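See below for the structure under consideration.
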Amino acid sequence: MLANLALGFSAFADPMVWGALVFGALVGYLIGAIPGLGPSLGVALLIPFTYGVDPVVSIVGLVALYAAAEYGGAITAVLINSPGTAAAVATAWDGYPLTQQGRAGEALTVSIVSSGVGIFVSTGLLILTAVPLSEFALNFGPGEYFGLALVGLSLVAGLSDGSPIKGMVAMGIGLAMATIGLDVQIGVPRFTGGNYELFEGLPLVPVLLGLYALSEVLFMIEDGASAKIKSAAVGGLTSVPYFALKGLKTVILRSSILGYVIGVIPGAGASIASFVSYAVTKRFSKTPELFGKGSLEGVASSEAANNSAVAGAMAPLLALGIPGSATTAVMIGALMVQGIQPGPLLFTRSPEIPYTVFASLWVGVPVMIFIGLAGARVWAQVANIPRPAIAAIVAGICFVGAYSSETTMFPVHVMTVCGILGYVLRKLGVPLAPIILAMVLGEMMETNFRRALISNKGEWDIFYTSPLTVLLLVIAFLAFALPGIAAMRARKARAATA
Amino acid sequence: MTFLNFKSTAIGLVGAAAFAIGLSGPAMAQDTWQPTGPVNFVLHTKPGGGVDVFSRTLAKELEPIINQTIVVVNTPGGGGASQMAKVRAAKPDGLTLGVNTVTHFTGMLTNLRGTFSPDDFEWIALAQEDPIMFFVSKESELNDMKDLVALAKENGGEVNIGGFGPVGSMQNIGMTMLEESAGVKFNWVAFESTPDIIAAVLGGHVDVGVSNLGPALTFFEADRLKGLGVLGEKRLKTLPDMQTFGEQGFEVDTSWIQVRGVFGPKGMPLELQQQIADAIHKAMAADSYQTYARAAGVEDSDYGPEKYAVFVKNLTKVAEAQLAAAGLIAN
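The structure is reproduced here in structure tokens:
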């Protein structure tokens, strides 16, 4: 393995490889930061540029782009509450409040450093565990996926501040939205009103843009030009005192491991990793009351996890040829153009490919952090742009981002409706996060629930005969019930002392 | 402007000169497709899938032949409807073309019935044929189609077959054809991507998987999967040991194969269609395309507009009969 790893690093003797790394990282930051353009689109757009380029050079560029785009989503999430990707939604929960408090630079620095550490740690795990963990992930059948989706939902059910009822309402809206479209098993249209554009369900990116970004624009218009945030100057590396980062050490490490493991499971990508790790971090935090109001721990957990999921998603891709995320699915296409077929033989047939991926993920970390920190000084100034201008820019991004996701007007309409919906819900104090999460997990939950029953002849025992499923269902139950039980105990204790 | 004028004048002069000499020069010039601007390839899928890689690889080889840029436009949504709407609304000048699969035909018979019909379009060229096959994990006790059918008979249809798309999808119809031919019933488990199907077969979550060769190829080479049979007229060149359904005694309509073709809006002159088809088939002969196609495990097709239109008619007829038999559409 060490010899192969050396082979991987030796690729960096070629200046072209460095060029590809920097180019990929820069393009990735940009694409990730633009809402509506995500890492999978970025990788697809880069594919034509890899024709005729050495496979090693192109794979380094693509991997750098993937990792940087997964980070880039955080920039707009923190600064203008418009997560560039679904995986950056959790970053916006605390990042944007920090910006409103004039701490944009701090939030950006923490997000960059957490992302970098996340990739570094998870790449180490990838090198050691890619093959065995990917084989283990094959044990995930429909029952297990159903359990996993349920864990995600119940972890996040406890996230919403204030009224749990309103949190439940939001989750119900999200689950209802997830049912729209062609039924996955028998192909019957549901709640489409005969409109074929709804056949594939509500598109996630326009919903995300509308609920978060466009509704924010409406709030900005309502507040008028008077409200202006003054962002504190960003001092590069020194803007976050070393001890603050040191305090986040445990959070970053735990989130990285969690993000990696969730990333390995095919179908559970960066967004689920960041949601789950955010929820877990809040549970373990000494200051859970800060979450959602500007917690650096929140930013760190989400960013460390969604970037580790990048390395995680690489594991089944490299070890088995099964993509762990939408972006790695695109990457299979990119490799095939190069005449490389990812699959169970990749490590034996062309070891230079997986080991170059490992090396480039590691070498890419300092490059990414450097570009990110240098850029943070510039990006943080976005918060100082006058409100009306910001509102206009964000609205523009919303419309362009929605249109470019499918190159038709339909997603633009979806985005606009969701923008108004988001505005109304926020006025009513209904949290938006559970809606997005329920949309992502609802589909996964329903599809696998039905797939489990169909493949088990309609018998329910599939949900309690597999130890892995039982374990996941128990975790889901505890995550849902424990906060309630704790609250009840506290009430009893109060009653006893009174 | 002046340059363009000069160019067209120059072409005119060359043409006139050739005509004057009495060579077949002008006819040759007309035979090649010369689009007047960038060509749009409209796809019904997101970037990165099989259709996307095919289109981008083809576009790259096609560009130097036609001296124009090709823009690949991803228009997912509506199970192909967004793309078909875009192609149908375009001018039939060859500058807007769509890439289609069998899903387009099954869609137009089911959910998109009444919205689109094959007669709304010109079916210009067939590029790839990609038969589907049934496979199991190496550990499975099944070794061929006969074992599979015997197991289904024994269990009264309790054999899980995992494939792409809901009931009524291309691969699901392939399964129902086998059901008819063998007189058994299977249990269809729908998946949304081929790698998911392979993972489910390897993990033992379904008994049998259905897919095209490409995505499964390395799993065969790594000795993790076993082929049961291929739904096609001939065996696959890459996996010559796997018998066809017919060889194993199960007669099915072997024209039921996955395809990738190019179509355009109604009313495109047949001559232009032929030129487009010729250019596409010429681009497919390029080395880089051939490398890709062999790795993807697909067979090349040289069907132009006339043959492809007949092919589409036949395919639609087969699909209609199968969907009606399955009770999914009224006959």
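Protein chains in written order, with our numbering: chain A, 1 to 498; chain B, 499 to 829.
Where a beta carbon is used, it is the ideal one built from N, C-alpha and C, also for glycine.
From a predicted model like this one, the values you see are computed outputs, not experimental measurements.
Beta-carbon contacts of residue i that lie in its chain and below 6 Å, excluding the five residues immediately before and after
{"i": "B:Leu770", "result": "Gly592"}
{"i": "A:Ile75", "result": "Ala33, Trp379"}
{"i": "A:Gly209", "result": "The amino acid occupying residue 209 of chain A in the given sequence is Leu; Gly does not appear at that position. So the list reads Pro35, Cys398, Gly401, Ala402, Met415, once near-sequence residues are dropped."}
{"i": "B:Leu640", "result": "Val634, Leu646"}
{"i": "A:Ile322", "result": "Pro266, Pro316"}
{"i": "B:Ala698", "result": "Gly660, Val704"}
Residues near residue i by beta carbon distance below 7 Å, same chain, minus five either side
{"i": "A:Ala376", "result": "Gly105, Leu108, Thr109, Ile112, Val234"}
{"i": "B:Ile563", "result": "Ala777, Lys780, Ala781"}
{"i": "A:Ser360", "result": "Leu21, Val60, Val63, Ala64"}
{"i": "A:Val430", "result": "Lys166, Val169, Ala170"}
{"i": "B:Leu521", "result": "Since pLDDT at B:Leu521 reaches only 42, below the 50 mark, its modelled position is unreliable, and no value is offered."}
Own chain partners of residue i with C-beta closer than 8 Å, once the 5 adjacent residues on each side are dropped
{"i": "B:Pro536", "result": "Gln566, Thr567, Ile568, Val569, Leu593"}
{"i": "A:Ile221", "result": "Ala391"}
{"i": "A:Val78", "result": "Thr91, Ala92, Gly95, Tyr96, Leu98, Thr99, Ala104, Ala107, Leu108, Ser111, Val299"}
{"i": "A:Thr287", "result": "Ser295, Glu297"}
{"i": "A:Val217", "result": "Ala391, Val394, Ala395, Cys398, Gly419"}
CA-to-CA distance, residue j to residue i, given in whole angstroms
{"i": "B:Met499", "j": "B:Pro533", "result": "The predicted model places B:Met499 with a pLDDT of 36, which falls under 50 and marks its position as unreliable, so this point remains unresolved."}
{"i": "A:Ala92", "j": "A:Ala389", "result": "20 Å"}
{"i": "A:Ala334", "j": "B:Ser635", "result": "27 Å"}
{"i": "A:Met501", "j": "A:Thr356", "result": "For chain A, the structure presents residues 1 to 498; residue 501 of chain A sits outside this window and is missing."}
{"i": "B:Gln788", "j": "B:Leu607", "result": "33 Å"}
{"i": "A:Phe559", "j": "A:Gly28", "result": "Chain A is shown only over 1 to 498; residue 559 of chain A falls outside these bounds and no answer can be derived."}
{"i": "B:Tyr801", "j": "B:Ile696", "result": "31 Å"}
{"i": "B:Gly663", "j": "A:Gly102", "result": "50 Å"}
{"i": "B:Leu804", "j": "B:Leu700", "result": "For the sequence presented, residue 804 of chain B should be read as Glu rather than Leu. Distance between the alpha carbons of B:Glu804 and B:Leu700 is about 42 Å."}
{"i": "B:Thr814", "j": "A:Leu150", "result": "42 Å"}
{"i": "B:Lys735", "j": "B:Phe743", "result": "15 Å"}
{"i": "A:Trp18", "j": "B:Val597", "result": "37 Å"}
{"i": "A:Ile262", "j": "A:Gly72", "result": "20 Å"}
{"i": "A:Ile252", "j": "A:Ile47", "result": "32 Å"}
{"i": "B:Gln741", "j": "A:Ile80", "result": "59 Å"}
{"i": "B:Ser786", "j": "B:Val549", "result": "16 Å"}
{"i": "A:Arg450", "j": "B:Asn538", "result": "39 Å"}
{"i": "B:Gly547", "j": "A:Ala329", "result": "7 Å"}
{"i": "A:Leu128", "j": "B:Ala828", "result": "56 Å"}
{"i": "B:Leu676", "j": "A:Leu425", "result": "52 Å"}
Residue i in three-state terms, based on DSSP
{"i": "B:Glu620", "result": "strand"}
{"i": "A:Arg451", "result": "helix"}
{"i": "B:Leu595", "result": "strand"}
{"i": "A:Gln101", "result": "coil"}
{"i": "A:Ile322", "result": "coil"}
{"i": "A:Ile165", "result": "helix"}
{"i": "B:Ser690", "result": "It is worth fixing the name first, because residue 690 of chain B is Glu in this sequence and not Ser. Coil."}
{"i": "B:Ala625", "result": "strand"}
{"i": "B:Lys724", "result": "strand"}
{"i": "B:Phe552", "result": "helix"}
{"i": "A:Ile31", "result": "helix"}
{"i": "A:Arg190", "result": "strand"}
{"i": "B:Pro536", "result": "coil"}
{"i": "B:Gln741", "result": "coil"}
{"i": "B:Gln756", "result": "strand"}
Check: residue i C-beta below 7 Å from any heavy atom of the ligand GDP
{"i": "A:Met331", "result": "Summarising the ligand content, the structure contains no ligands, and the ligand GDP is consequently not present."}
Check: Are three or more beta carbon pairs between the segment 451–467 of chain A and the segment 431–441 of chain A nearer than 8 Å?
Finding: Not touching, per the Cβ criterion.
Checklist line | Positions along the segment 339–369 of chain A whose CB lies within less than 7 Å of some CB in chain B | finding: Look at the segment 339–369 of chain A: the residues with a C-beta under 7 Å from a C-beta of chain B are Gly339, Gln341, Gly343, Pro344, Leu345.
Check: What are the residues of the segment 772–794 of chain B that lie near chain A, defined by any Cβ-Cβ distance shorter than 8 Å?
Finding: Across the segment 772–794 of chain B, CB contacts with chain A closer than 8 Å involve Ser786, Thr789, Tyr790, Ala793, Ala794, in sequence order along the chain.
Check: At a Cβ cut of 9 Å, what residues of the segment 388–413 of chain A count as close to chain B, listed as they run along the chain?
Finding: Within the segment 388–413 of chain A, Ser405, Glu406, Thr407, Thr408, Phe410, Pro411 place their CB atoms closer than 9 Å to a CB of chain B, listed in sequence order.
Check: Is there contact here, the segment 674–682 of chain B with the segment 637–656 of chain B, by at least three beta-carbon pairs under 8 Å?
Finding: Yes, the segment 674–682 of chain B touches the segment 637–656 of chain B.
Item checked: Interfacial residues, the segment 719–732 of chain B to chain A, with Cβ spacing under 8 Å -> So the close ones are Glu719, Ala720, Arg722.
Notebook entry, point to check: Of the residues that make up the segment 430–457 of chain A, which ones have a beta carbon closer than 7 Å to any beta carbon in chain B?
Noted result: Residues passing the 7 Å Cβ filter: Arg451, Ile454, Ser455, Lys457.
Item checked: Proximal residues, the segment 529–557 of chain B versus chain A, C-beta separation under 9 Å -> Those would be Val540, Lys544, Pro545, Gly546, Gly547, Gly548, Asp550, Val551, Arg554, Thr555, Ala557, in chain order.
Check: Between the segment 593–608 of chain B and chain A, which residues of the former have a C-beta closer than 8 Å to a C-beta of the latter?
Finding: Answer set for the segment 593–608 of chain B: Thr608.
Note to self: Assess contact between the segment 42–57 of chain A and the segment 340–355 of chain A, defined as three or more Cβ pairs (one per stretch) separated by less than 8 Å. Is contact present?
What the structure shows: Flag = yes, the segment 42–57 of chain A and the segment 340–355 of chain A touch.
Item checked: Touching by the beta-carbon criterion (3+ pairs, under 8 Å), the segment 428–438 of chain A and the segment 167–177 of chain A -> Yes, since at least three Cβ pairs between the segment 428–438 of chain A and the segment 167–177 of chain A fall closer than 8 Å, the two stretches touch.
Margin query: Does the contact criterion of 3 or more C-beta pairs under 8 Å hold for the segment 130–141 of chain A versus the segment 278–292 of chain A?
Written below: Cβ pair count under 8 Å is below three, so no.
Next item on the list: Could you please tell me which residues of the segment 676–696 of chain B, in chain order, have their CB closer than 9 Å to any CB of chain A?
Entry: Of all residues in the segment 676–696 of chain B, only Asn685, Trp686, Val687, Ala688, Phe689, Glu690, Ser691, Pro693, Asp694, Ile696 place a beta-carbon less than 9 Å from a beta-carbon of chain A.
Item checked: Three CB pairs or more closer than 8 Å across the segment 298–312 of chain A and the segment 752–760 of chain B -> No: the two stretches stay apart, fewer than three of their Cβ pairs being nearer than 8 Å.
Next item on the list: Give the residues from the segment 560–572 of chain B that approach chain A closer than 9 Å (Cβ to any Cβ), ordered along the chain.
Entry: Per Cβ criterion, the list reads Val570, Val571, Asn572.
Next item on the list: Could you name the residues of the segment 319–331 of chain A whose beta carbon sits closer than 7 Å to any beta carbon of chain B, in the order they occur along the chain?
Entry: Of all residues in the segment 319–331 of chain A, Gly321, Ile322, Pro323, Ala329, Val330 have a Cβ within less than 7 Å of some Cβ in chain B.
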